[in-house]
Structures are given as structure tokens and as C-alpha cells.
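A.B. asks: All residue numbers for the sequence shown refer to UniProt numbering, where the first residue is 1 and numbers rise by one.
We put the CB at the ideal spot given by N, CA and C, even for glycine.
Source: prediction; values computed, not measured.
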Amino acid sequence: MTSLLEELLSCCSASQKIQLPWLIINSLFAIATQILKYLLKFVTHTSSLTFFFLFIVNLLDSRTVMGDLGWIAYPKNGWEEIGEVDENYAPIHTYQVCKVMEQNQNNWLLTSWISNQGASRIFIELKFTLRDCNSLPGGLGTCKETFNMYYFESDDEDGRNIRENQYIKIDTIAADESFTELDLGDRVMKLNTEVRDVGPLTKKGFYLAFQDVGACIALVSVRVYYKKCPSVVRNLARFPDTITGADSSQLLEVSGVCVNHSVTDEAPKMHCSAEGEWLVPIGKCLCKAGYEEKNNTCQAPSPVSSVKKGKITKNSISLSWQEPDRPNGIILEYEIKYFEKDQETSYTIIKSKETMITADGLKPGSAYVFQIRARTAAGYGGFSRRFEFETSPVSVAASSDQSQIPIIVVSVTVGVILLAVVIGFLLSGRRCGYSKAKQDPEEEKMHFHNGHIKLPGVRTYIDPHTYEDPNQAVHEFAKEIEASCITIERVIGAGEFGEVCSGRLKLQGKREFPVAIKTLKVGYTEKQRRDFLGEASIMGQFDHPNIIHLEGVVTKSKPVMIVTEYMENGSLDTFLKKNDGQFTVIQLVGMLRGIASGMKYLSDMGYVHRDLAARNILINSNLVCKVSDFGLSRVLEDDPEAAYTTRGGKIPIRWTAPEAIAFRKFTSASDVWSYGIVMWEVMSYGERPYWEMTNQDVIKAVEEGYRLPSPMDCPAALYQLMLDCWQKDRNSRPKFDEIVSMLDKLIRNPSSLKTLVNASSRVSNLLVEHSPVGSGAYRSVGEWLEAIKMGRYTEIFMENGYSSMDAVAQVTLEDLRRLGVTLVGHQKKIMNSLQEMKVQLVNGMVPL
């Protein structure tokens, strides 16, 4: 840069030096143009990150146009297009103007006609650089640091050549950061991004115009887009793509259409917000009789169409088949029905999770009929057509040597007895109360005769720690998966023993589907490996729609992995915080019902979770909640919530029942206490239980009879259920089956949720709360709002007379709405903070 300026000075005569500032400006601008070339590459490569969201639809993006933009500059010596290409030889459309040495500049750049595609509100994003006037030689008084943007509506492409005064001004655009010659020397460019919106539009399209009145500017890119709520299926109703309204606060009511095999229960409606988000769902559809809901559909899987025979002996037939053409979800298992030909009233059913089975115990030389159907979470599909296969006949040699049969029978009988004695002796040294199932754990066999069935016994949970060899428990309860069947796509988190990733799983005979993968980091000890796989040994025993499903494990290669179903929305506490105030009470109760149903299943199996909390609940894209994290014995040791230590490990104090803290007495009743805390977390959208209180304060307060207050706008029936879960006497707490039944009644009768907990009862039950900054007192309204991360409203409060904490203490919800605090989540955060301070004032803690 310095050498260039020296060269310019040396070549100038005395008379030429009068024009020196103009030469310098043009030289610097030429350098800026070259820097822009490389800057644009970066902008182009990273732009996909900016436009990831599906609800944005581009009408124009100057960076993606391959040919001529067709824009017009007037006068012609004003705006100038820079002819550059990127590394793929695609043109880069950049316009610059720098007439800072001349008076009275009026340079216009007119775009071609842009169709608005039916949108009544559009957005314009500009990326540009602008020169700092103070850095120009001689401090030019004519220099400007802004430019203007206009638009003109037209139904066709003939309206561009009109008078300037017919264009409507959108705004004067200024740069957040301008550049100087020093920036050019250091190769530092200040790229500004400004977005403006225009609406309501009434015609089919429009033109944009950019007016320069004497600035040194380069327009790098122009993007025009609108927002829409993308098509979605919710509550079994299909809602179409909907373009947002013309007003920035407008909610458009959209009616939904019931999906196939469903009927209207209450007319389904949703509201499309100005930001392209679906809000306020009303009504729903219900699946017709005979259909079940799965992933917002009602189609059970299609029948199995292709069945092939495998090995056939005189007493068995092996079969294999392909997954149905339309599984309509993940196949959970297959049901195989078979019977001897012409004996249809006496049949056998085998259940298998694989696409192959062997039916044994058949008669030699006999024909058997087989039918197969698949089951997803939506239920069973139809049976396949009948497939007929015949067992092998008895061989001639075997039939002619009948004299050998008694000897063989006696020998086999003696051998079986000896084998049974040896096995009984070996098993006596193992754990008590458990014997391995006789058939493959992947299969269940039920025999029917004239409609009667013998059902297997109720399953109970088996502690993997009772096994002498923990690896045996893993292989008994978890299916081994070949590492080649797994594709890891990206890291989504970190676990205690390694990374947590998302990916895809492709099993033989099944379609590929998304999964979550926990990996065991390199350099693990044998104990870490056992602890890591211990969770799989527990999880593999559960099969319930509200319990996270284990797909299998990888133990025969590295890295060691646990593979589970993928839950798109992650942990419940984080999800609720991100979507504060966005759900109806019925939706929240539905989440709670799912968690309670999963816990009822665990309780019935005799399993105690011991770490039930919203952070250990996962939620999928359909808002289905599933209980997860079954590695308590290891998790508690390093859990940041487990700051209070007792003999035998650490305990998550804020979620744990008093008897479990004091005596380590963990039961289903202590899980019910934890469930009450989860209810509070859900209704307060992920608020931290007991706020900033220390664990010792929590223990003392709970022991003295204090309980968490009702969350804001919480139905009285739900808060009463929380209090029931927090009974000091564990025998007085409801059972999980009672909780599920109670929530079902509330869901069936939504009017019962309209009665809210009033403010006085909130105050009387409110446990001593500490302010976010710890002291409980604020020196100003601004300090208070900043502390609760609501600082954006400071100016509004001050302008409306709320200049002291005394005045703020009188604010009501209606006042907030009047002040323009329209987001429900923000309203709740402010009102909850005020409520906390009022209670602290009553207790003599906070001087307002």
C-alpha cells in the first residue's frame, strides 16, 4: 500500500498534485474492489448458513444469478458494475459508486421487475461497504455516508422507466461500520448487513431503486425474500404452506384438513405468525376405528408381500421375507401365524423382531400354511396372503430300522437327565429368581386352539449387577449390531464416556432410519466399559412408547457404541426454555401424561429410576416425551446437580424425596416426588427448581414443610397434583397409574384446566426465593431488567413512568401488554421476578 502511494506521488507534476486527492480515492477504491472479490467468496460460501430456515423463500438473490442482472444505472457514469467471477467462474454482481469530488450527486440504480409470488410483506437484505468521509483527503464537505432505497409497485415489467417522485422511499441506509485507507492496507473490510421490510403490497410485483447522493459505496449483494409457515401435519391435520400476513404482529388463522383414515373431532386450526412459525393450535382429528396414531398418521404398515423358504427338515421350516413396501414407521416386530393345512382353527403365532424365523415341532411330510404381518407403533398391518410349504417326509432307512428306536430313546433320555443335573448344579451358583428363556429372546411363541391362548408371565426388571459377568447381561438384553450398519453424521453432544452423535442405521431387510449413538472414548478402562454398557443392559429390558428405545450395541469392534432411537428435539428442559410460552396447557399436560405413562411402565416392572428430571426426558418432533438416562449409578457421581453428598454417592437434591436424601430410601414413591418436580419444570417452561437456593437451604426448607409455588398461569388441578406428589409421607403420594388416570381425565375435560392458581395462594406456598444477582435488591429498574435478561424493555419502562422499583412493584400483566411486552415468555419472566420480590418483601428480605 505504501509503495503504491509513493509511486503515485513520484509521477505527479506540481500541477497534477492539485488532483492528487481524486487519484488517491480512485486508487484506493480499485484496491477495495479486489479485496471485495475475496470477501465475496467468503460471503457466498457462508450464505447457506444464513438461509437454512425453511420458512424463508427467496424472490431475488443477486449472488445466485448466473447471467446479466438486467439492472439499469442512471446516469450511466454513476453506479458501475464490477465484473468479477468466483473460483467456479460464476459472475459476482457488485455495484459501486464514488463521486465524492463532485457536487449535487443523484445516481440511481434500478433493479429488474421482481414478482412477489403472492406475498404482501417482503424483506430486503443488503450487504455493502462504505467509505468513512473523515478519512478522505481534504475532509471533503460534499461526501455522504448514507444512501437511499426506494420501491415502486407494478403488475407487469413495463413500469421501471417512470419519474423519480413516483418511487416510494423505504429508508435511508447507513453503515454500522465504515472503512478507511488504513483498513485497506491491513486488508480489513467492514461488510455491513441491513434488512428492511416493505408492506402491505397490493400488486403482483415491484422494482427496487438505490439512490446515491455522494457516498463512496459498494453494493455487494441484494437479497429479496418473504416468510411463510411451511406445510405441516399437527394433531392429525394437514396445514398448507401459508404466506405470512402484511402486518408484523399479524396472526393468520389457517384451517387444517384431516389426514387419511382420520375424522374431525374439533375443527383443527392453527395460526401463522409474521415470523413464519405455527402457533396456537386449536382442535384436532382422530384416527378412525381400527387405526392408531403414529407420527401424525393413521396407516398401519402394508402387508408383507414376499416370503421365501429356507432350510426345510422333516420337523421344521425356515422362512425369510422383505420389509413391507410401505412400513409407515419403524417396524417393531413381526407376527407369524401358521397352521397345518385344513386345520385352521388350531394355529400357532410366533413374534419376531427379525425378518426370518424357523417354525419347529412340525409333522413330517405335512403341508403348513404361513401368514405374516408387521407391527409399528401405529399397530398391526394386515396379514400377507397365504404361503404354503411342506416338511420333508420320513426317510426309508429310518422307517425300516424300527428295532433301533427303543435303544436310541433310552440313550437320549439318560443323556438329557444327566445334562439337566449338570445345568441345575451350575445355575445354583448364579443369582436367584432368574432362569433364561428357552426360546430366542427375539421371539415369542403363543399357541392357540379354538380361540384359547396361554400368555407368558409378566416381565420384571433384572438388575444387571446380579450377573457375575456383566458382559453376559449386555448380550442377553441388547442386540449386537455390526458397525458397518451405522453411519455417524454429526456430533450433537458429549457424554461422560465419550461423544453423543446422530446418524443412521441400516439393518438387513429394513429401511434406513435415524438413530442416536453414544460412543466410548479411546483409552477406557474395563470398569468404564462395563459401566458404559450397563445402561444398555437396563434399557434393553424396556419396550414402551414413552421409554427411550434401544436399537442395540456395538461391542465386537471399536469404538464401543450404544445405539438408540433419535429424538429430534433433545432434552425436555432445554426444549421448553427455547420455546417459552409457545404451547397450550393441553399440550403441556400431554407431555406430562407421556412421562407418567413411561414411569408407570417402569414401576410395574419393579424398576426405580432415582434421577427423574426434565433434563433426563427426551422429546421428539411430535412432542412425544420419553424417559431416558438409566445410568444413575455412574451419572450421580459427576452430576453438577448432585452437590450434596451422602454415604454411597451423590444425590440430585432438588428432585429427590426427603426420605431418599436422609436414608437413601429409593422407591417408586420417591420417583413420584421427582415426577412432581418435573411437572413444575414443565409448567414453568424449564425454570430451575428452587432457583438459586443452595442445596442445604432446599433440604432444610423442604423438611420444614415448604413446597415450590405454583408456576404462573398453572391450572389449580395440576398444582394440587404436584402437592400430592410432594407429600412427606411417601405412602400418601399417588401411584403412577393413578397419576396417568388423573391426567387422562383432565385431557378429556379441558374445562377443568381453566381454573388457575390465584396469586394469594402462590404467595402463601412460595418458598424463599433469591434474586438472580444474589443480593435480592436492585439499585435501578434497568439493573433489575438486565439481571433477568429483559434489558431491552428498560427504555419503555422509563418512558411510561416506571422509573423506580416501587413503581415497578405495582405492574400487572395488563400493564405489560399495554407497554408492548407481547411475548408470553417475556411476560412470564417479568411477572415471576416481580412475584419473587414481593414474597421476599413479605419475609423481610428485600428492600424495594
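According to the neighbour-count rule (16 or more other Cβ atoms, all chains shown, within 10 Å of its Cβ), is K169 buried or exposed?
C.D. replies: Residue mapping note: residue 169 aligns to position 169 of the sequence shown, counting from 1. It is exposed - the Cβ of K169 has fewer than 16 other Cβ atoms within 10 Å.
A.B. asks: Smallest Cα separation from M270: which of V307, V232, S248?
C.D. replies: For the purposes of this step, residue 270 is identified with residue 270 of the sequence shown, where counting begins at 1. That would be V232, whose Cα lies nearest to the Cα of M270.
A.B. asks: Hey, out of A809, L718, Y802, L251, whose CA is closest to Q835's CA?
C.D. replies: Residue mapping note: residue 835 aligns to position 835 of the sequence shown, counting from 1. Nearest in C-alpha terms to Q835, of all of A809, L718, Y802, L251, is A809.
A.B. asks: Excluding five sequence neighbours on each side, which residues of the same chain lie with their C-beta closer than 6 Å to the C-beta of V213?
C.D. replies: As a first step, residue 213 is located in the sequence shown; it is residue number 213 there, counting from the start. Hits under 6 Å: Q105, K144.
A.B. asks: Where do the ends of the beta strand (DSSP E) carrying D197 lie?
C.D. replies: Taking the sequence shown and counting its residues from 1, one reaches residue 197 at position 197. From DSSP, the beta strand (DSSP E) with D197 extends over 192-198.
A.B. asks: Straight-line CA distance for I330 to Y778?
C.D. replies: As a position in the sequence shown, residue 330 is number 330, starting the count at 1. As a position in the sequence shown, residue 778 is number 778, starting the count at 1. Those two C-alpha atoms are separated by around 55 Å.
A.B. asks: What did DSSP end up calling V58 once you bin it into helix, strand or coil?
C.D. replies: In the sequence shown, the residue the question calls residue 58 occupies position 58. Just to set this straight, residue 58 is Asn in the shown sequence, not Val. DSSP places N58 in the strand class (E or B) of the three-state scheme.
A.B. asks: Should A516 and M567 be called a contact, given that it needs their Cβ atoms to be closer than 8 Å?
C.D. replies: Along the sequence shown, one-based indexing puts residue 516 at 516. Along the sequence shown, one-based indexing puts residue 567 at 567. Judged by beta-carbon spacing, M567 lies within the 8 Å limit of A516, meaning their Cβ atoms are closer than that value.
A.B. asks: Determine the DSSP secondary structure at H271, reduced to helix, strand or coil.
C.D. replies: Position 271 of the sequence shown, counted from the start, is the residue given in the question as residue 271. It is a strand residue.
A.B. asks: Would you kindly check if the distance between the Cβ of D744 and the Cβ of P734 is under 8 Å?
C.D. replies: The residue labelled residue 734 in the question sits at position 734 within the sequence shown. The residue labelled residue 744 in the question sits at position 744 within the sequence shown. Contact: no.
A.B. asks: Taking just the CA atoms, how far does Q827 sit from E468?
C.D. replies: Within the sequence shown, numbered from 1, the residue matching residue 468 stands at position 468. Within the sequence shown, numbered from 1, the residue matching residue 827 stands at position 827. Those two C-alpha atoms are separated by around 56 Å.
A.B. asks: Just list the residues that DSSP pairs F497 with in beta bridges.
C.D. replies: Your numbering for residue 497 matches position 497 in the sequence shown. Residue pairing of F497 in beta bridges, as defined by DSSP: absent, with no partner found.
A.B. asks: Can you tell me where the beta strand (DSSP E) holding L816 begins and where it ends?
C.D. replies: The residue given as residue 816 occupies position 816 in the sequence shown. Looking at the DSSP string, L816 is not in any beta strand (DSSP E); the run it does join, the alpha helix (DSSP H), is 813-819.
A.B. asks: Within the same chain, show all residues whose beta-carbon is closer than 6 Å to that of N58, passing over the 5 residues directly before and after it, in chain order.
C.D. replies: Here residue 58 refers to the residue found at position 58 when the sequence shown is read from its first residue. So the qualifying residues of the chain are Y225.
A.B. asks: Do S392 and T519 have their CB atoms nearer than 8 Å?
C.D. replies: The residue labelled residue 392 in the question sits at position 392 within the sequence shown. The residue labelled residue 519 in the question sits at position 519 within the sequence shown. It is not a contact, given that the beta carbons lie outside the stated cut-off.
A.B. asks: Whether or not the stretch 123-133 and the stretch 232-246 are in contact is what I'm after, with contact meaning three or more pairs of Cβ atoms, one per stretch, closer than 8 Å; do they touch?
C.D. replies: no
A.B. asks: Taking just the CA atoms, how far does I317 sit from V627?
C.D. replies: Position 627 of the sequence shown, counting from 1, holds the residue named residue 627. Position 317 of the sequence shown, counting from 1, holds the residue named residue 317. Their backbone Cα atoms lie some 40 Å apart in a straight line.
A.B. asks: When you compare the CB positions of M539 and I548, do they come within less than 8 Å of one another, or not?
C.D. replies: Here residue 539 corresponds to residue number 539 of the sequence shown, with the count starting at 1. Here residue 548 corresponds to residue number 548 of the sequence shown, with the count starting at 1. Contact flag set, yes.
A.B. asks: From what residue to what residue does the alpha helix (DSSP H) around E692 run?
C.D. replies: Locating residue 692 in the sequence shown gives position 692, counting from the first residue. It is not in any alpha helix (DSSP H) - E692 carries neither H nor E in the DSSP assignment.
A.B. asks: Given S112, which residues of its chain have a CB within under 8 Å of its CB, disregarding the five upstream and five downstream residues?
C.D. replies: Walking along the sequence shown from the start, residue 112 turns up at place 112. Excluding residues within five positions, the ones whose Cβ falls inside 8 Å are L69, G70, W71, E157, R160, Y207.
A.B. asks: Can you grab the Cα-Cα spacing for the pair C285 / S262, in whole Å?
C.D. replies: Taking the first residue of the sequence shown as position 1, residue 285 is located at position 285. Taking the first residue of the sequence shown as position 1, residue 262 is located at position 262. About 6 Å.
A.B. asks: Thinking C-alpha only, which one of N77, N328, Q211, T64 is nearest W108?
C.D. replies: Your numbering for residue 108 matches position 108 in the sequence shown. Ranking N77, N328, Q211, T64 by Cα distance to W108 puts Q211 first.
A.B. asks: Report buried or exposed for F663, applying the criterion of at least 16 other Cβ atoms within 10 angstroms of its Cβ.
C.D. replies: Within the sequence shown, numbered from 1, the residue matching residue 663 stands at position 663. Label assigned to F663: exposed.
A.B. asks: Spatial neighbours of F797 within its chain, please: CB distance less than 6 Å, with the 5 preceding and 5 following residues excluded, ordered by chain position.
C.D. replies: For the purposes of this step, residue 797 is taken as the residue at position 797 of the sequence shown. Excluding residues within five positions, the ones whose Cβ falls inside 6 Å are V781.
A.B. asks: If you follow the alpha helix (DSSP H) that T567 is part of, which residue opens it and which one closes it?
C.D. replies: Here residue 567 corresponds to residue number 567 of the sequence shown, with the count starting at 1. The sequence given here places Met at residue 567; Thr does not occur at that position. M567 -> no alpha helix (DSSP H), and no H or E assigned at all.
A.B. asks: Figure out for me which residue from V624, F583, D580 has the closest Cα to the Cα of S597.
C.D. replies: Position 597 of the sequence shown holds residue 597. Of the candidates V624, F583, D580, the one whose C-alpha sits nearest the C-alpha of S597 is V624.
A.B. asks: Measuring only the C-alpha atoms, how far is N471 from E551?
C.D. replies: Within the sequence shown, residue 471 is the residue found at index 471, counting from 1. Within the sequence shown, residue 551 is the residue found at index 551, counting from 1. Those two C-alpha atoms are separated by around 17 Å.
A.B. asks: Quick check: I124 and R196, are their CB atoms within less than 8 Å of each other?
C.D. replies: Here residue 124 corresponds to residue number 124 of the sequence shown, with the count starting at 1. Here residue 196 corresponds to residue number 196 of the sequence shown, with the count starting at 1. Yes, the pair counts as a contact, with Cβ atoms nearer than the cut-off.
A.B. asks: What three-state label does DSSP hand M66 in the structure shown?
C.D. replies: Position 66 of the sequence shown, counting from 1, holds the residue named residue 66. It is coil, neither helix nor strand.
A.B. asks: Identify which residue in I595, E704, V220 has its Cα closest to the Cα of I82.
C.D. replies: Here the question's residue 82 lines up with position 82 in the sequence shown. Nearest option by C-alpha distance: V220.
A.B. asks: Is the distance from the Cβ of K728 to the Cβ of P658 below 8 Å?
C.D. replies: Here residue 728 corresponds to residue number 728 of the sequence shown, with the count starting at 1. Here residue 658 corresponds to residue number 658 of the sequence shown, with the count starting at 1. Taking 8 Å as the Cβ cut-off, K728 and P658 qualify as a contacting pair.
A.B. asks: Note down, in chain order, each residue of its chain lying with its Cβ closer than 7 Å to the Cβ of K203, except the 5 sequence neighbours on either side.
C.D. replies: Numbered from 1 along the sequence shown, position 203 holds the residue referred to as residue 203. Once the five neighbours on either side are set aside, the close Cβ partners of K203 are E153, S154, D155.
A.B. asks: Between V97, W673, H93, which lies nearest to K76 when the distance is taken from Cα to Cα?
C.D. replies: Taking the first residue of the sequence shown as position 1, residue 76 is located at position 76. When only C-alpha atoms are compared, the closest one is V97.
A.B. asks: Taking the alpha-carbon of V369 as reference, which of E253, K309, K99 has the nearest alpha-carbon?
C.D. replies: Here residue 369 corresponds to residue number 369 of the sequence shown, with the count starting at 1. Minimum Cα distance to V369 is reached at K309.
A.B. asks: List the endpoints of the continuous alpha helix (DSSP H) containing T146.
C.D. replies: On the sequence shown, residue 146 is found 146 positions in, with the first residue counted as 1. No alpha helix (DSSP H) contains T146, which is instead part of the beta strand (DSSP E) from 146-154.
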